[in-house]
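The sequence shown: position 57 = 306 (our numbering), numbered continuously.
Even glycine gets a Cβ: it sits at the ideal position worked out from N, Cα and C.
Note sheet for the following structure.
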Amino acid sequence: MATLTLPEVFDLRLKIQELEAKVNSGELSLFERCDTEDEILELKEKLGEFDRLKFSDEGECLNCSA
């Protein structure tokens, strides 16, 4: 997987918040809700991958400026 940039991570978090608000609104049909929850899970997996990869083996932040 390609490494995400910090602005992309920020955008993903905003997208997750928007989708979760949609799910919690009660306006979606069962199928729309399932599709939206699947999309949320995929986005959260991307964020989890970013979190696991943001530090080098030496414990240094890979996304921080040197």
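Please look up how many angstroms separate the CB atoms of L292 and K271, rounded, as I've assumed it's under 8 Å.
-> On the sequence shown, position 43 is the one that residue 292 refers to. On the sequence shown, position 22 is the one that residue 271 refers to. Contact between L292 and K271 does not hold, since the beta-carbon distance rounds to 13 Å and is not under 8 Å.
Sequence-distant residues of its chain with Cβ nearer than 7 Å to E286 (five each side left out) = Taking the first residue of the sequence shown as position 1, residue 286 is located at position 37. Beyond the five residues adjoining it in sequence on each side, E286 comes within less than 7 Å, by CB distance, of V272 in the same chain, given in chain order.
Since I289 and L268 are thought to touch, with beta carbons under 8 Å apart, how far apart are those beta carbons, to the nearest angstrom?
-> Taking the sequence shown and counting its residues from 1, one reaches residue 289 at position 40. Taking the sequence shown and counting its residues from 1, one reaches residue 268 at position 19. Right, their Cβ atoms sit about 5 Å apart.
Find the nearest neighbour of F316 within the set L296, E309, L302, judged by alpha-carbon distance.
-> No information on residue 316 is available, as it lies outside the stretch 250 to 315 that the chain covers here.
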